[in-house]
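Visitor:
Protein chains in written order, with full-length UniProt numbering: chain A, 1 to 422; chain B, 1 to 422.
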């Protein structure tokens, strides 16, 4: 196979399909998503069988259990894919929507009409159901998609892609609206990243290595989702009983995610009261602590999993039940620590001081800043966007969870009655 | 001078200044702009003298009159700089603004707070007053700026930059909020474009060559302002008397601009009536026509400046009093022509058909789509954004004129009372 030629043909077909998808009625896009939900249900056994081939091969190659779990399409995973398609289908059609039209002094009405970006490429390492989630968001927003998943999920992704194609065609839309490279060869990615003539944006989802490689190679803009080094600052006025609930949730509810808590900052005035609570509650949940010298004795007195932090534990994304803990003098020191070690993902303050809450929301530089809430809430669903295609940690185009609207742009529409430039 | 080290130091200083500028009160940013307006007025003679050095040197080097005109800071140019600063100062402070906060089912309030992008670099070839316009927009939006103009304006830009520095310091803000490289050496640009660690976005303003060079070299995102190949389609139901006024304005009011009309598309049903009007009115204004075979006799019968178009006249940005003219069968052919030859800048339809107006606004792919209005109205001031820093012709981050809000991002703010992830 000439991979360069194949990828160019794929990108050209995506560009052509994107025009038809954007010009289609919203009812066709909606029908494609409802049809996809139905087909996924009807073909459950075939999808499980294709997935079993991937899982068996991965197990034979010795993939660890965590990765096998991610690879598996269970009844529950399939059910959430189907539900996701139905939820996205039910949203109002965003293509061609105009938020408001204002009248200029010359009488011309000026508004901004939402338009698709065009062709979106996503390179992902995560669960195979990311294919269906991303396809649903792209179809709804009128974008053609080229979706490239991990090679270990090749059969699962092929079976899901075939299902998406059938749903598109049943709704009168081109199957090229959603394409997956027909090869597990990595050269396919390299070639796609050259085709800025046809692909408008690329979204890498996965480890830092993948993201850096895509940024390095891509000729088109990249929406980056770097690591999540999330902090929570417990201020001296915090409600400490509530604070320990929030911190426990942020750290332990699902520690492997990018919005999980990695570093707890505690105001010196309450460290002596609060850290023993943390040692008990989080210690009981299996959390290990990497502590600054001041925090260490307070934690070590109540649990067996506290040890001194090393320099590189600050700013580290543990993605596990490990938590860095530091005592700080005040809000200033907390904000300085976050400015130095944060990753622009999620930062939280727990406080009863309105002044400190307002200052923190303004000065902490992150895609979500929370007051008296868990960092785990930085998620498209929790923030009201519906499904998300990733969380952008840079400020260009989108900052934070990316839903349907973040996959779109807006053009100016000017409705006149003969207006000219004076 | 070690230009690489100088530029790195400049970018680092910009990053530090951007934090102070963003954290400052809106009143300080406002005061800097009002102070700048006053200082520009007070130093008029010194600014004219610095500009005269550039103009004299450029004339001695044989620069053409059009470029000399662009280089000159006249009383009128200075007056509009001063007025621009006052207008931007008068706008409400966008930094930290939250458009709306919605309540989630769990009771948490979620909104989006406007935040600066950080450090904006602009590489420009245009008039020296672009320095003041860009500085004003960046200061207002809380962004530090590195502004690099053409070497022929070196003394003018240095004098303007010194004035900006004095205004910043008088308002208690760091002078490093706005910096200009202290050398005319082109290596300065090359070095700046490597510093994605400190510079968040680069905006090239100038000819296509400049823009392509910046896109090629820049490691940070580029907001591109490519050429403006703008079309106007005169539909069969157009009010032809009004249409000729609009077309005349679009082509001739200021033909050297990116939103000037470059290609007129005329529905066959009205070509015989409309093109003679065009020949008379635009011909009298000095317009030359490059015509398709069908349009040529209709124009040539009424003026002496009509000739057959060459293949490369379609999709060409003339930037002069030359207009390509093509007769088309219908709206479909007009939209096809625009899809093939347009540059995503500005497209207009002149029609009395509501159906065709709506279809055109939806299907023409451009940063502004106009109905019954001049393409020249695609401008930040005309569309209600206030001043603009450029017109983006790509869909990522901003599409169309970029004002203050387009120099900003928005982070999620979540105000809770103990919310956790379920």
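Idealized CB from N, CA, C, for every residue including glycine.
1. Pick out the complete beta strand (DSSP E) segments inside the region 148 to 220 of chain B, 3 residues or longer, and give them in chain order.
2. Under 8 Å Cβ to Cβ from residue 280 of chain B, same chain only, skipping five residues before and after it: list those, please.
3. Hey, is residue 420 of chain A's beta-carbon within less than 7 Å of any beta-carbon in chain B?
4. Answer yes or no: does any C-beta atom of chain A fall closer than 7 Å to that of residue 395 of chain B?
5. Residue 349 of chain A versus chain B: which residues are under 8 Å apart at the beta carbon?
6. Which residue wins for smallest C-alpha separation from residue 165 of chain B, given the options B:132, B:148 and B:266?
7. Please tell me whether residue 124 of chain A and residue 205 of chain A are closer than 7 Å, where the distance is taken between their beta carbons.
8. If you reduce the DSSP assignment to three classes, tell me which class residue 124 of chain A lands in.
9. Can you find a C-beta in chain B that's less than 7 Å from the C-beta of residue 246 of chain A?
10. What's the C-alpha gap between residue 250 of chain B and residue 376 of chain B?
11. Which residues in chain B sit within 7 Å of residue 96 of chain A, going by Cβ to Cβ distance?
12. In whole angstroms, what is the alpha-carbon distance linking residue 404 of chain B and residue 67 of chain A?
13. Check whether the region 386 to 398 of chain B and the region 115 to 124 of chain A are in contact - that is, three or more C-beta pairs closer than 8 Å.
14. Restricting to Cα atoms, I'd like to know which of B:177, B:140, B:101 and B:184 is closest to residue 149 of chain B.
15. Give the interface partners of residue 200 of chain B over in chain A, defined as CB-CB distance under 9 Å, in chain order.
16. Tell whether a beta-carbon distance below 7 Å holds between residue 89 of chain B and residue 34 of chain B.
17. So within the region 43 to 98 of chain B, which uninterrupted alpha helix (DSSP H) runs reach at least 4 residues, ignoring any that extend past its ends?
18. Among A:159, A:274 and A:58, which one has its Cα closest to the Cα of residue 237 of chain A?
19. Going straight from the alpha carbon of residue 347 of chain B to that of residue 87 of chain A, what length do you get?
20. Look at the alpha carbon of residue 106 of chain B and the alpha carbon of residue 176 of chain B, and state the distance between them as a whole number of angstroms.
21. Classify residue 12 of chain A as helix, strand or coil using the three-state DSSP reduction.
22. Determine the extent of the beta strand (DSSP E) in which residue 277 of chain B is found, giving its start and end residues.
23. Which residues of chain A have a Cβ atom closer than 9 Å to the Cβ of residue 369 of chain B, listed in chain order?
24. Under a Cβ-count criterion, where at least 16 other Cβ atoms within 10 Å of its own Cβ denotes burial, should residue 297 of chain A be classed as buried or exposed?
25. Are there 16 or more other CB atoms within 10 angstroms of the CB of residue 433 of chain B, so buried, or fewer, so exposed?
26. Nearest to residue 341 of chain B by CA position, among B:230, B:245, B:104 and B:216, is which residue?
27. Could you give the DSSP three-state label for residue 356 of chain A: helix, strand or coil?
28. Using the Cα positions of residue 30 of chain B and residue 408 of chain A, report the straight-line distance between them to the nearest angstrom.
29. Return the residue from the list A:372, A:368 and A:412 that minimises the CA-CA distance to residue 112 of chain B.
30. Should residue 110 of chain B be flagged as near chain A, meaning a C-beta pair shorter than 7 Å?
31. Of all the CB atoms in chain B, is at least one closer than 7 Å to the CB of residue 384 of chain A?
32. Could you list which residues in chain A have their beta carbon closer than 9 Å to that of residue 221 of chain B, in chain order?
33. For a contact defined as C-beta to C-beta under 7 Å, what are the partners of residue 374 of chain B on chain D?
34. Can at least three beta-carbon pairs, one atom from the region 190 to 208 of chain B and one from the region 6 to 18 of chain B, be found at a separation below 8 Å?
35. Under 7 Å between the Cβ atoms of residue 81 of chain A and residue 40 of chain A?
36. Could you tell me the boundaries of the alpha helix (DSSP H) in which residue 299 of chain A lies?
Guide: In brief:
1. Unbroken beta strand (DSSP E) stretches of 3 residues or longer found wholly inside the region 148 to 220 of chain B: 201 to 205, given in chain order.
2. Same-chain partners within the cutoff: 302 and 303.
3. Chain B, which has a Cβ nearer than 7 Å to the Cβ of residue 420 of chain A, makes this yes.
4. Chain A has a Cβ within less than 7 Å of the Cβ of residue 395 of chain B.
5. For residue 349 of chain A, no chain B residue has a C-beta closer than 8 Å to its own C-beta; the minimum C-beta separation is roughly 11 Å.
6. Closest option to residue 165 of chain B, Cα to Cα, is B:132.
7. Yes, these two residues count as a Cβ contact at 7 Å.
8. In this structure, residue 124 of chain A counts as strand in the three-state DSSP scheme.
9. At a cut-off of 7 Å between C-beta atoms, residue 246 of chain A counts as an interface residue with respect to chain B.
10. Spanning the alpha carbons of residue 250 of chain B and residue 376 of chain B requires a straight line of approximately 5 Å.
11. Per Cβ cutoff of 7 Å: 362.
12. Between residue 404 of chain B and residue 67 of chain A, the C-alpha separation is close to 45 Å.
13. Under the 8 Å Cβ criterion, the region 386 to 398 of chain B counts as touching the region 115 to 124 of chain A, having at least three qualifying pairs.
14. It is B:184.
15. In chain order: 394, 395 and 396.
16. Yes, they are a contact pair.
17. Within the region 43 to 98 of chain B, the runs of alpha helix (DSSP H) that reach at least 4 residues and sit entirely inside it are, in chain order, 44 to 60, 65 to 71 and 75 to 90.
18. Measuring C-alpha to C-alpha distances from residue 237 of chain A to each of A:159, A:274 and A:58 identifies A:274 as the nearest.
19. When rounded, the distance between both Cα atoms is 36 Å.
20. When rounded, the separation of the alpha-carbon atoms in residue 106 of chain B and residue 176 of chain B is 44 Å.
21. Residue 12 of chain A falls in the helix class under three-state DSSP.
22. Residue range 268 to 284 is occupied by the alpha helix (DSSP H) that includes residue 277 of chain B, with no beta strand (DSSP E) assigned at that position.
23. Close to residue 369 of chain B, with beta-carbon spacing below 9 Å, are these residues of chain A in chain order: 113, 411, 412, 413 and 414.
24. With a threshold of 16 other beta carbon atoms within 10 Å, residue 297 of chain A falls short and is exposed.
25. Any question about residue 433 of chain B goes unanswered here, given that chain B covers just 1 to 422.
26. Of B:230, B:245, B:104 and B:216, the residue nearest in Cα terms is B:230.
27. Of the three classes helix, strand and coil, the one that applies to residue 356 of chain A here is helix, per DSSP.
28. C-alpha separation (whole angstroms): 33 Å.
29. Proximity to residue 112 of chain B across A:372, A:368 and A:412 peaks at A:368, based on C-alpha coordinates.
30. Taking CB atoms only, residue 110 of chain B has a neighbour in chain A less than 7 Å away.
31. It does: the Cβ of residue 384 of chain A has a partner Cβ on chain B nearer than 7 Å.
32. Within 9 Å Cβ-Cβ: 221, 222, 394, 396 and 397.
33. Protein chains in the displayed structure are A and B, and chain D is not among them.
34. Under the three-pair Cβ rule at 8 Å, the region 190 to 208 of chain B counts as touching the region 6 to 18 of chain B.
35. Yes, the pair counts as a contact, with Cβ atoms nearer than the cut-off.
36. Per DSSP, residue 299 of chain A belongs to the alpha helix (DSSP H) from 295 to 300.
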